[in-house]
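Peer 1:
Residue numbers (this note's numbering): 66 to 484.
Here you go:
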């Protein structure tokens, strides 16, 4: 009787969708479970590309040569939930980062207001499920850099009040309280203030995002956090040795913590060959034009350009593919477990440079179909697509509820770290 009931409940997935009918299987899974991407930089690309027109332009269909995202492609990709990045440059002074962050939040909130039948703001896992069931895209905000709070817990709380769902502890630069993966370390991970930021995120119910931080910071944050952490857009370091990626050592800690690593599509974080090619090209470019004093062709931009083009012809850029992204998904699932992997494509955040077959928000079904071809079940695809991050969100909400009697953090960097 129990077996018959299980088959009956599964029937909608099975009818008309044989084991090799991957498109139908993917569509059936995503009708039940929202596909939730951990990181999309649409706001940044709209700001940089469209300027003031971003506030009023039609976002239904955009030039795919300029944008990875538009409404038509979101629909084609069956996107059910999105963490929209409100990124600003880590090189800006602190107060300017706060101002620019508020402008990015304002842009995304205006997009949600302009297209209420497409987008709806979400904060909780229940919000995501409700909005997905209504046929809209559940829209969360992710603050991509600890420098964007300018050392202020009050600013962090203001972002939360405006709908922010996670804080990435650093971006490209080491900050006063946390070490970045792509800058020289200064603290050996988190300072005391940095640990207090993690605890305040727990209290607020915001997710602790460890994309962009170095390994010491990853380990410290996982140790301190009472809630599962996320990596909103990172990949597996065993396959690509970028410090932006997550080592097997940390993957095991993520599994113990209950967190999720959401796989990045950026070619330099997917392919080790591409990562090394990028470094070689940058070094070669520096040989030709290295202001203000060096370089073989300093002051001769045409000769420098031709020399670099000749080097590129002799050293073709390695091709990066959808299959390689699937390899990262599978590696994380193998080391950490199927419950601890998700998708964080970094679309509109790579300058348009993406793996073959993954050049826009309409391509998620192709990646899921590739994993099905490799033997992934519908249940496992549902976890990858959104089930895992929904579980993390629910866990963070429970931790926040358990901290209801904890007073808001008020300390300063000077008070905790003496600097």
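For every residue, glycine included, the Cβ atom is placed at its ideal position computed from N, Cα and C.
I'd like the ranges of any alpha helix (DSSP H) spanning at least 4 consecutive residues and lying wholly in the stretch 368-454.
Peer 2: Listed in chain order, the complete alpha helix (DSSP H) runs (minimum 4 residues) inside the stretch 368-454 are 387-401, 429-438, 443-447.
Peer 1: On the three-state DSSP scale, how would you describe residue 362?
Peer 2: As a first step, residue 362 is located in the chain shown; it is residue number 297 there, counting from the start. Note: residue 362 maps to coil in three-state DSSP.
Peer 1: If contact is defined by three or more beta carbon pairs under 8 Å, each pair taking one atom from either stretch, is the stretch 106-121 in contact with the stretch 149-158?
Peer 2: Segments in contact, yes.
Peer 1: Roughly how many angstroms separate the alpha carbons of residue 308 and residue 329, rounded to a whole number?
Peer 2: What you label residue 308 is simply residue 243 of the chain shown in a count that begins at 1. What you label residue 329 is simply residue 264 of the chain shown in a count that begins at 1. Roughly 13 Å between the two C-alpha positions.
Peer 1: Whose C-beta lies closer than 7 Å to the C-beta of residue 373 among residues of the same chain, with five residues either side of it excluded?
Peer 2: The residue you call residue 373 lines up with position 308 of the chain shown. If we look at residue 373 and ignore the five residues flanking it on each side, its Cβ neighbours are 349, 350, 353.
Peer 1: Residue 466: buried (16+ other C-beta within 10 angstroms of its C-beta) or exposed?
Peer 2: For this step, residue 466 is matched to residue 401 along the chain shown. That one is exposed.
Peer 1: Threshold first: 3 residues or longer. Then list the beta strand (DSSP E) segments lying entirely within the stretch 100-152, N to C.
Peer 2: 100-105, 144-150, all fully within the stretch 100-152.
Peer 1: Along the chain, where does the alpha helix (DSSP H) that runs through residue 282 open and close?
Peer 2: Here residue 282 refers to the residue found at position 217 of the chain shown. First-last of the alpha helix (DSSP H) with residue 282: 280-289.
Peer 1: So what's residue 241 in DSSP terms, helix, strand or just coil?
Peer 2: Within the chain shown, residue 241 is the residue found at index 176, counting from 1. If DSSP states are grouped into helix, strand and coil, residue 241 belongs with coil.
Peer 1: With distances taken between CB atoms, is the gap from residue 481 to residue 257 smaller than 8 Å?
Peer 2: One-based indexing of the chain shown puts residue 481 at position 416. One-based indexing of the chain shown puts residue 257 at position 192. In contact: residue 481 and residue 257 (Cβ atoms closer than 8 Å).
Peer 1: Check whether the stretch 270-277 and the stretch 469-483 touch, using three or more Cβ-Cβ pairs below 8 Å as the test.
Peer 2: No, they do not touch.
Peer 1: Cβ atoms of residue 318 and residue 285: under 8 Å apart, would you say?
Peer 2: As a position in the chain shown, residue 285 is number 220, starting the count at 1. As a position in the chain shown, residue 318 is number 253, starting the count at 1. No.
Peer 1: Here's a check: name, in chain order, each residue in its chain whose Cβ is nearer than 7 Å to the Cβ of residue 170, leaving out the five neighbours to either side.
Peer 2: Against the chain shown, residue 170 aligns to sequence position 105. Answer for residue 170: 151, 206, 227, listed in chain order.
Peer 1: Less than 8 Å between the C-beta atoms of residue 243 and residue 259, yes or no?
Peer 2: Looking up residue 243 in the chain shown gives position 178. Looking up residue 259 in the chain shown gives position 194. For residue 243 and residue 259, yes; Cβs fall inside 8 Å.
Peer 1: Can you give the Cα-Cα distance for residue 184 and residue 89, rounded to whole angstroms?
Peer 2: Translated into the one-based positions of the chain shown, residue 184 becomes position 119. Translated into the one-based positions of the chain shown, residue 89 becomes position 24. Cα to Cα, the separation comes out at about 25 Å.
Peer 1: Could you give the DSSP three-state label for residue 187: helix, strand or coil?
Peer 2: As a first step, residue 187 is located in the chain shown; it is residue number 122 there, counting from the start. Three-state DSSP puts residue 187 in coil, outside helix and strand.
Peer 1: Could you tell me if residue 384 is buried or exposed, where buried requires 16 or more neighbouring beta carbons within 10 angstroms of its beta carbon?
Peer 2: Position 319 of the chain shown holds residue 384. So residue 384 counts as exposed.
Peer 1: At a cut of 8 Å, does the stretch 442-457 reach the stretch 155-165 through at least three beta carbon pairs?
Peer 2: Output reads no: the stretch 155-165 does not touch the stretch 442-457.
Peer 1: Indicate whether residue 487 and residue 263 have their beta-carbon atoms separated by less than 8 Å.
Peer 2: The shown model of the chain, from 66 to 484, leaves out residue 487, and the question about it has no answer.
Peer 1: Please state whether DSSP places residue 233 in a helix, a strand or coil.
Peer 2: Translated into positions along the chain shown, residue 233 becomes position 168. Correct three-state label for residue 233: strand.
Peer 1: For residue 274, which three-state DSSP category applies?
Peer 2: By one-based count along the chain shown, residue 274 stands at place 209. Note: residue 274 maps to strand in three-state DSSP.
Peer 1: Suppose contacts are defined by Cβ-Cβ distances below 8 Å. Is residue 390 in contact with residue 420 by that definition?
Peer 2: Within the chain shown, residue 390 is the residue found at index 325, counting from 1. Within the chain shown, residue 420 is the residue found at index 355, counting from 1. In this structure, residue 420 lies closer than 8 Å to residue 390 by Cβ.
Peer 1: Helix, strand or coil for residue 157? Go by DSSP, reduced to three states.
Peer 2: Indexing the chain shown from 1 puts residue 157 at position 92. Looking at residue 157 - three-state DSSP - the assignment turns out to be coil, as it is neither helix nor strand.
Peer 1: Looking only at DSSP bridge pairs, what is residue 327 linked to?
Peer 2: Working through the chain shown from its first residue, we reach residue 327 at position 262. Its beta-bridge partners are 407.
Peer 1: Alpha carbons only, please: which of 282, 452, 145, 155 is nearest the one belonging to residue 403?
Peer 2: Looking up residue 403 in the chain shown gives position 338. Of 282, 452, 145, 155, the residue nearest in Cα terms is 452.
Peer 1: Taking C-alpha atoms, which residue in 375, 362, 322, 334 lies nearest to residue 346?
Peer 2: Against the chain shown, residue 346 aligns to sequence position 281. If we check each option's Cα against that of residue 346, 375 comes out closest.
Peer 1: Count the other C-beta atoms from every protein chain shown that fall within 10 angstroms of the C-beta of residue 246, then say buried if there are 16 or more, exposed otherwise.
Peer 2: Along the chain shown, one-based indexing puts residue 246 at 181. Looking at its Cβ environment, which holds 16 or more other Cβ atoms inside 10 Å, residue 246 is buried.
Peer 1: For the stretch 207-223 against the stretch 173-184, do three or more pairs of beta-carbon atoms, one drawn from each stretch, fall closer than 8 Å, so that the two count as touching?
Peer 2: No, the stretch 207-223 is not in contact with the stretch 173-184.
Peer 1: Helix, strand or coil: which one does DSSP assign to residue 471?
Peer 2: Residue numbering aside, residue 471 sits at position 406 when the chain shown is read from its first letter. Three-state DSSP puts residue 471 in coil, outside helix and strand.
Peer 1: In chain order, what residues of the same chain lie with their CB nearer than 6 Å to the CB of residue 196, ignoring the 5 residues before and after it?
Peer 2: Stepping through the chain shown from its first residue, residue 196 is reached at position 131. These residues qualify, in order along the chain: 185, 187, 203.
Peer 1: Please state if the CB of residue 300 and the CB of residue 393 are separated by a distance shorter than 8 Å.
Peer 2: Numbered from 1 along the chain shown, position 328 holds the residue referred to as residue 393. Numbered from 1 along the chain shown, position 235 holds the residue referred to as residue 300. In this structure, residue 300 lies closer than 8 Å to residue 393 by Cβ.
Peer 1: For residue 233, does the count of other Cβ atoms within 10 angstroms reach 16, so buried, or fall short, so exposed?
Peer 2: Within the chain shown, numbered from 1, the residue matching residue 233 stands at position 168. Looking at its Cβ environment, which holds 16 or more other Cβ atoms inside 10 Å, residue 233 is buried.
Peer 1: If you reduce the DSSP assignment to three classes, tell me which class residue 269 lands in.
Peer 2: Sequence index remark: in the chain shown, residue 269 carries index 204 (1-based). DSSP places residue 269 in helix when its eight states are reduced to three.
Peer 1: Quick one: is residue 390 near chain B, going by C-beta distance under 8 Å?
Peer 2: This model lacks chain B altogether, as it is built from one protein chain only.
Peer 1: Would you kindly check if the distance between the Cβ of residue 172 and the Cβ of residue 124 is under 8 Å?
Peer 2: Your numbering for residue 124 matches position 59 in the chain shown. Your numbering for residue 172 matches position 107 in the chain shown. No, the Cβ-Cβ distance between residue 124 and residue 172 is not below 8 Å.
Peer 1: By the 10 Å Cβ neighbour count, where 16 or more other Cβ atoms means buried, how is residue 483 classified, buried or exposed?
Peer 2: Locating residue 483 in the chain shown gives position 418, counting from the first residue. With fewer than 16 other Cβ atoms within 10 Å, it is exposed.
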